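In our numbering, the protein residues as written are 1 to 162. Every residue gets a Cβ at the ideal spot worked out from N, C-alpha and C, and that includes glycine. Just so you know, these numbers come straight off a predicted model, no measurement behind them. Note sheet for the following structure.
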Amino acid sequence: MHKGRMEAFTDGVIAVIITIMVLELKLPHAATWQALLADLPVFLSYVLSFAYVGLYWNNHHHMLQSVEKVNGKVLWANLFFLFWLSLFPFTTRWLNEAHPVPASVPTAVYGIVLLLTALAWIPLLRTLIAANGGETSSLARALRGDWKTIVSPISYLVGIVL
């Protein structure tokens, strides 16, 4: 199976995720610097979520550049990953609208979505490696010594607990 449809679908889903997040940004209630600064925490949470989504899009792009084909398992692993990624607009908005600030449950749920997205990335990597020659594939070779795939979920888990 050729990877082009999966790339296009993923690009589309990620574009929609980012679009939803930016549309959630509200205009300040007044045309003043003070009103704009009052919305700074909301804007910063958007920046953080945008950075996470953008990072995953960039990694997904580079990952697929090193493989030739996908199969049914890869498609399902990709959908599983996209499911968790698609929760970013929801958790970002909940984080922004929850009161009192900081709200512990929305913050924890945001962290849980970060954790589950990072964990969903792992089966996507593994199924892509298996579909493209196993441990001798160019993707497997490129990922040797990749500590971020392990450290990220651990750091998210620590953040949730704290």
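With respect to L115, I160 sits close: the two C-beta atoms are nearer than 8 Å.
V105 is positioned such that its CB atom lies no closer than 8 Å to that of T91.
Closest by C-alpha distance to Y110, out of L95, M6, H60 and H62, is L95.
Inclusion of L82 and V13 in the CB contact set at 8 Å is warranted, their separation being smaller than that value.
When the beta-carbon positions are compared, L128 and V67 come within less than 8 Å of each other. Taking a contact as a CB-CB distance under 8 Å, the pair L85 and Y56 counts as one, their CB atoms being some 6 Å apart.
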